[in-house]
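Shown next, in structure tokens, is the structure this report addresses.
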Amino acid sequence: MKKLGIQLAVSCSLGFAVCQGNTIHKVLQQQQAQLITFINVHRLG
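Just so we're aligned, residue 406 is where the sequence shown starts under the working numbering, counting upward by one.
As structure tokens, then:
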């Protein structure tokens, strides 16, 4: 029973890390998109 609890805790923390990774990835993508827009606007301006 204790072994199962440990496995569950490990998979939970791994899942959380994946979740955080996805969030960070989305934020980076948004920032990159904003940067590209910014550069394009200045190039045209």
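Ideal placement from N, C-alpha and C gives every residue a C-beta, glycine not left out.
In this text, all values refer to a predicted model and were calculated from it rather than measured experimentally.
Please report the distance separating the alpha-carbon of residue i from that of residue j.
i	j	result
residue 419	residue 445	39 Å
residue 409	residue 426	25 Å
residue 429	residue 414	22 Å
residue 431	residue 443	18 Å
residue 441	residue 433	12 Å
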